[in-house]
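Protein chains: 2
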Amino acid sequence: MRAGVDLGGTKIQVVVTAKGARVVGQARRNTPLRGGPEVIVRDVVSTVREAAAAAGVDVGELQSVGVGAPGSIDTTTGTVIQVANVAGLDEPFPLGPAVAAELGVPVALGNDVSVAVEAERRYGAGRGYRSFLGVFWGTGVGGGLVVDGRLLLGRGSAGEIGHVCAKPGGRRCNCGLRGCVEAYAGRGALEARARREARKRKTVLFDLMRKRGRDQLTSGVWLRALDAGDLVARDLLREAVGALGVGIGSAVTLLDVEAVIVGGGLGERLGPTWLSRIEQAAREHTFFRETPVFKLAELGDMGGAIGASMLGSGPRSDHKVQTYADGPSARMR
Amino acid sequence: MRAGVDLGGTKIQVVVTAKGARVVGQARRNTPLRGGPEVIVRDVVSTVREAAAAAGVDVGELQSVGVGAPGSIDTTTGTVIQVANVAGLDEPFPLGPAVAAELGVPVALGNDVSVAVEAERRYGAGRGYRSFLGVFWGTGVGGGLVVDGRLLLGRGSAGEIGHVCAKPGGRRCNCGLRGCVEAYAGRGALEARARREARKRKTVLFDLMRKRGRDQLTSGVWLRALDAGDLVARDLLREAVGALGVGIGSAVTLLDVEAVIVGGGLGERLGPTWLSRIEQAAREHTFFRETPVFKLAELGDMGGAIGASMLGSGPRSDHKVQTYADGPSARMR
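Here the protein sequences come in this chain order: S and Z. According to the working numbering, the first sequence holds residues 1 to 333 in order. According to the working numbering, the second sequence holds residues 334 to 666 in order.
Okay, structure coming up:
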């Protein structure tokens with residue numbers, strides 16, 4: 001059995017999987033918003049222990065722990081290089097070795113979205129496609145590319161559809177660029193925008209948030225606001241879809257993929273109706289007559305953690321992964 | 334020896350190459366602007382004969398003739414599917430079989446930009462890179478991608494950087510979409526814009542064109558106008574560079590390539606100064622701290638024809654090419 005950790009801007013999701021990516025235990029908690037990388041390591045470690053307990057195994061019996069972390073990863077040193085959405089990981093940090101040292105189990109590190117795309121490719125909506133673009137529409141907008149049946153990594157970080165330009169000179173993104181897809185479509189950016197709009201226009205978004213005991217506009221809150229006919233929610237999501245359409249259309253024009261697979265919290269919650277809106281928006285920016293198939297991701301919010309659990313399992317020439325043992329042969333401590 | 338044909342919006346360039354892509358003969362003429370596909374076939378055929386004569390060989394002695402044609406190609410049937418820049422090829426046309434029937438030599442068809450990128454990869458500026466983006470800045474803006482050391486074709490037409498969105502809702506492109514890179518940066522679009530500007534502002538562009546006996550604003554005319562301090566030329570080319578920057582930056586953000594190689598008539602003529610402007614513009618839209626190397630293409634305006642001559646040479650698992658013989662076993666006539 002292997003554990004997989006999906007370390008996101010909002011939550012830490014851990015699964016323990018048996019053969020064939022079958023989930024036999026899981027645990028989750030909110031990502032700590034302060035305390036720096038040490039607190040993130042502590043919470044990752046305790047969530048792994050909890051998931052192992054749920055699966056009825058000792059942590060020491062796990063073959064490996066894979067961690068999918070957001071942003072650029074140096075898989076050779078196990079370092080998270082550049083991350084925008086997790087407080088405390090805004091500087092390079094050797095997350096792989098740190099977690100391995102605490103757990104006493106080999107740890108492999110990968111980009112959170114790459115592992116989720118790899119999971120969809122092997123066990124989800126990507127089965128049967130030689131090429132597809134995965135778009136994870138959540139707190140940020142992540143992406144991954146499968147080309148000729150393999151994850152495309154470039155120099156290590158390919159697929160950043162959230163930072164494709166949707167509007168030159170447009171809104172400032174967390175990453176520092178202007179006009180990125182994520183600056184219009186990421187849930188973080190949407191919430192910031194909604195707070196400003198709420199001063200000028202009536203919206204039920206924040207009432208719904210409080211009523212449901214949340215301190216953020218979750219995907220579920222956005223869906224409920226839409227269902228209630230909230231115009232601020234509708235307008236902001238339409239703008240988000242427009243930006244996603246530019247990014248996806250440009251990516252398809254460049255890569256001529258067979259399919260586009262949309263996941264992430266917002267993708268899942270908003271479902272088929274909004275998927276077809278994204279498809280229409282992308283069509284306006286797609287050069288080819290034959291547009292790709294648009295599908296929702298199938299592995300749900302566990303997809304990232306399932307994909308992370310596949311890290312370091314067997315030889316993976318298509319995905320450079322370094323495993324960190326905590327024994328005397330450990331490369332880094 | 335093999336012949337290669339670069340069929341562009343402006344010219345038909347043919348080379349005859351010996352081993353190692355050494356050019357031993359060449360010929361060129363302007364692409365016919367009227368008369369439909371039959372006239373294009375006739376002119377391609379006569380230019381091949383002329384190049385063969387220059388190389389001192391009979392056409393019948395050529396091992397193959399490769400044709401790089403613009404737009405989407407169906408390599409299985411040898412059909413040009415979708416082309417924007419060549420008058421007479423706006424409907425699907427079986428160019429490969431038609432040329433093979435006239436010449437009596439096996440003909441292979443490929444996308445003009447893909448073959449030029451492949452030539453740069455093997456013999457030009459792309460040597461030594463595992464991944465790069467090739468941008469051909471000429472009448473249109475073509476592109477090709479090398480990933481993991483191989484040309485990326487997608488479903489057959491990947492790399493269309495000229496039709497990545499540079500400005501949502503922006504200027505109408507020849508392809509029918511709005512705001513494409515090519516609608517701002519292609520020489521065709523630049524000329525149309527310059528004609529409109531000339532009604533409002535002083536410009537030497539058209540005087541230079543006439544003085545040099547041209548009926549189009551060639552890359553050389555643009556360069557001379559810049560040297561003469563022409564403000565219309567400067568403003569339009571700056572806008573072109575801005576659009577190229579959005580497209581290239583978005584492509585790099587998606588693909589994380591090692592290098593960007595810029596060729597085409599305008600790329601070559603405008604040279605290193607404008608290359609570094611393109612690099613700066615792309616940097617504004619590139620997510621990664623470590624941006625790729627920017628280089629000029631090395632094979633010049635023969636690159637496309639040299640690449641075309643490589644079509645059908647040996648087994649090419651990375652580039653699906655169908656060869657059309659004119660003998661009894663021909664698949665199509």
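Every residue, glycine too, gets a C-beta built ideally from N, C-alpha and C.
>> Just to confirm before moving on: does the CB-CB distance between Ala119/S and Gly303/S stay below 9 Å?
In response: For the purposes of this step, residue 119/S is taken as residue 119 along the first sequence, with counting starting at 1. For the purposes of this step, residue 303/S is taken as residue 303 along the first sequence, with counting starting at 1. In contact: Ala119/S and Gly303/S (Cβ atoms closer than 9 Å).
> CA-CA distance, Val232/S and Val468/Z?
Replying inline: As a first step, residue 232/S is located in the first sequence; it is residue number 232 there, counting from the start. As a first step, residue 468/Z is located in the second sequence; it is residue number 135 there, counting from the start. Looking at the two C-alpha atoms, the distance is approximately 41 Å.
> Where does Gln655/Z land, buried or exposed, given buried means 16+ other C-beta within 10 angstroms?
Replying inline: Here the question's residue 655/Z lines up with position 322 in the second sequence. Because the pLDDT of Gln655/Z is 45, which lies under 50, any placement of that residue in the model is unreliable, and the number read from its coordinates should be weighed accordingly. Flag for Gln655/Z reads buried.
>> Against Gly582/Z, what residues of chain S qualify as contacts under a CB-to-CB distance less than 7 Å, listed in chain order?
In response: To locate residue 582/Z, count along the second sequence from 1; it is residue 249. Within chain S, the residues near Gly582/Z are Cys165.
> When you compare each of Ala630/Z, Ala638/Z and Ser642/Z to Arg454/Z by their alpha carbons, which one comes out closest?
Replying inline: Position 121 of the second sequence, counted from the first residue, corresponds to residue 454/Z. Here the closest residue by C-alpha is Ala630/Z.
> Which runs of the alpha helix (DSSP H) spanning at least 4 residues fall entirely within the segment 90-178 of chain S, listed in chain order?
Replying inline: 95-103 and 112-123
> If Val349/Z sits next to Ala402/Z, beta carbons under 8 Å apart, how far is it from one beta carbon to the other, in whole angstroms?
Replying inline: For this step, residue 349/Z is matched to residue 16 along the second sequence. For this step, residue 402/Z is matched to residue 69 along the second sequence. Going by Cβ atoms, the distance from Val349/Z to Ala402/Z rounds to 18 Å, so no, they are not a contact pair.
> In three-state terms, what does DSSP make of Ala330/S?
Replying inline: Taking the first sequence and counting its residues from 1, one reaches residue 330/S at position 330. Since pLDDT at Ala330/S reaches only 28, below the 50 mark, its modelled position is unreliable, and no value is offered.
>> Quick check on Leu334/S - is its C-beta less than 9 Å from some C-beta in chain Z?
In response: Past the boundaries of the shown model lies residue 334/S; chain S is included only from 1 to 333, so the question cannot be answered.
>> Short of 9 Å Cβ to Cβ, which residues in the segment 360-379 of chain Z face chain S?
In response: none
> How many Å lie between Leu223/S and Thr273/S at the Cα?
Replying inline: One-based indexing of the first sequence puts residue 223/S at position 223. One-based indexing of the first sequence puts residue 273/S at position 273. Those two C-alpha atoms are separated by around 12 Å.
> Whose Cβ in chain S lies nearer than 7 Å to the Cβ of Phe621/Z?
Replying inline: For the purposes of this step, residue 621/Z is taken as residue 288 along the second sequence, with counting starting at 1. The contacting residues are Ser157.
> According to DSSP, which residues form a beta bridge with Ile406/Z?
Replying inline: As a working note, residue 406/Z is residue 73 in the second sequence. Paired residue(s): Val413/Z.
> Taking three-plus beta-carbon pairs below 8 Å as touching, is the segment 169-188 of chain S in contact with the segment 505-520 of chain Z?
Replying inline: no
>> Can you find the residues in the same chain that come closer than 6 Å, C-beta to C-beta, to Gly88/S, ignoring five residues on each side of it along the sequence?
In response: Sequence index remark: in the first sequence, residue 88/S carries index 88 (1-based). Correct list, in chain order: Gly36, Pro37 and Ile40.
> Less than 9 Å separating the beta-carbons of Pro92/S and Ile81/S?
Replying inline: The residue labelled residue 92/S in the question sits at position 92 within the first sequence. The residue labelled residue 81/S in the question sits at position 81 within the first sequence. It is a contact, given that the beta carbons lie within the stated cut-off.
>> Using a Cβ distance threshold of 8 Å, determine whether the segment 279-293 of chain S contacts the segment 245-260 of chain S, with at least three qualifying pairs required.
In response: yes
> Going straight from the alpha carbon of Gly128/S to that of Gly487/Z, what length do you get?
Replying inline: Walking along the first sequence from the start, residue 128/S turns up at place 128. Walking along the second sequence from the start, residue 487/Z turns up at place 154. Distance between the alpha carbons of Gly128/S and Gly487/Z: 15 Å.
>> By the DSSP assignment, the alpha helix (DSSP H) with Thr273/S in it spans what residues?
In response: Stepping through the first sequence from its first residue, residue 273/S is reached at position 273. Note, Thr273/S: alpha helix (DSSP H), Gly264 to Arg283.
> So is Arg505/Z buried or exposed if we call it buried at 16+ other beta carbons inside 10 Å?
Replying inline: As a position in the second sequence, residue 505/Z is number 172, starting the count at 1. Arg505/Z comes out exposed.
> Name the DSSP beta bridge partners of Ile345/Z, please?
Replying inline: Within the second sequence, the letter at position 12 stands for residue 345/Z. According to DSSP, which records beta bridges pairwise, Ile345/Z is partnered with Leu340/Z and Arg362/Z.
> Do Ile639/Z and Val356/Z have their CB atoms nearer than 9 Å?
Replying inline: Position 306 of the second sequence, counting from 1, holds the residue named residue 639/Z. Position 23 of the second sequence, counting from 1, holds the residue named residue 356/Z. Yes, the Cβ-Cβ distance between Ile639/Z and Val356/Z is below 9 Å.
>> Taking 9 Å as the threshold (beta carbon to beta carbon), is Gln613/Z in contact with chain S?
In response: Taking the second sequence and counting its residues from 1, one reaches residue 613/Z at position 280. No, Gln613/Z does not count as interfacial toward chain S.
> With a cut-off of 9 Å, does the C-beta of Val147/S fall near any C-beta of chain Z?
Replying inline: One-based indexing of the first sequence puts residue 147/S at position 147. Val147/S counts as touching chain Z.
> Nearest to Thr76/S by alpha carbon, out of Met310/S, Asp230/S and Gly156/S?
Replying inline: In the first sequence, the residue the question calls residue 76/S occupies position 76. Thr76/S has its Cα closest to that of Gly156/S, out of Met310/S, Asp230/S and Gly156/S.
> Under 7 Å Cβ-Cβ, which residues of chain S neighbour Ile494/Z?
Replying inline: Start at 1 with the first residue of the second sequence, and residue 494/Z comes out as number 161. Those are Leu254, listed as they occur along chain S.
> So which residues on chain S does Leu510/Z lean against when the C-beta distance must stay under 9 Å?
Replying inline: In the second sequence, counting from the first residue as 1, residue 510/Z sits at position 177. What Leu510/Z touches in chain S: Gly249, Thr253, Glu284, His285, Thr286 and Phe287.
>> Using 8 Å for Cβ pairs, my map puts Gly443/Z next to Ala641/Z. What's the rounded Cβ distance?
In response: Taking the first residue of the second sequence as position 1, residue 443/Z is located at position 110. Taking the first residue of the second sequence as position 1, residue 641/Z is located at position 308. Going by Cβ atoms, the distance from Gly443/Z to Ala641/Z rounds to 7 Å, so yes, they are a contact pair.
> Going by beta carbon distance, what residues of the same chain come within less than 6 Å of Gly477/Z, once the five residues before and after it are set aside?
Replying inline: As a first step, residue 477/Z is located in the second sequence; it is residue number 144 there, counting from the start. Once the five neighbours on either side are set aside, the close Cβ partners of Gly477/Z are Val446, Ser447, Val450, Gly467 and Gly492.
> Per DSSP, which one or two residues make a beta bridge with Gly295/S?
Replying inline: In the first sequence, residue 295/S corresponds to position 295, counting from 1. With the sequence shown as reference, residue 295/S is identified as Lys, and Gly is not the correct amino acid for it. Answer is Ile261/S, bridged to Lys295/S.
>> Quick check: what's the CA-CA separation for Gly337/Z versus Arg375/Z?
In response: Sequence index remark: in the second sequence, residue 337/Z carries index 4 (1-based). Sequence index remark: in the second sequence, residue 375/Z carries index 42 (1-based). When rounded, the distance between both Cα atoms is 16 Å.
>> Gly179/S and Ala166/S - do their beta-carbons sit closer together than 9 Å?
In response: For the purposes of this step, residue 166/S is taken as the residue at position 166 of the first sequence. For the purposes of this step, residue 179/S is taken as the residue at position 179 of the first sequence. Their beta carbons are under 9 Å apart, which means Ala166/S touches Gly179/S by this criterion.
> Using a C-beta to C-beta distance shorter than 7 Å, which residues of chain Z count as neighbours of Glu258/S?
Replying inline: Residue numbering aside, residue 258/S sits at position 258 when the first sequence is read from its first letter. Per Cβ cutoff of 7 Å: Arg488.
>> Between the alpha carbons of Lys653/Z and Asp481/Z, how many angstroms are there, rounded?
In response: Residue 653/Z sits at position 320 when you count from the first residue of the second sequence. Residue 481/Z sits at position 148 when you count from the first residue of the second sequence. Any reading at Lys653/Z must be qualified, since the residue scores a pLDDT of 36, below 50, and its modelled position is unreliable; the value itself is stated next. Whole-angstrom Cα-Cα distance: 17 Å.
> According to the Cβ coordinates, are Thr343/Z and Ala360/Z closer than 9 Å?
Replying inline: For the purposes of this step, residue 343/Z is taken as residue 10 along the second sequence, with counting starting at 1. For the purposes of this step, residue 360/Z is taken as residue 27 along the second sequence, with counting starting at 1. In this structure, Ala360/Z does not lie closer than 9 Å to Thr343/Z by Cβ.
> Cβ of Leu541/Z within 9 Å of Cβ of Ala561/Z?
Replying inline: Translated into positions along the second sequence, residue 541/Z becomes position 208. Translated into positions along the second sequence, residue 561/Z becomes position 228. Yes. Within cutoff.
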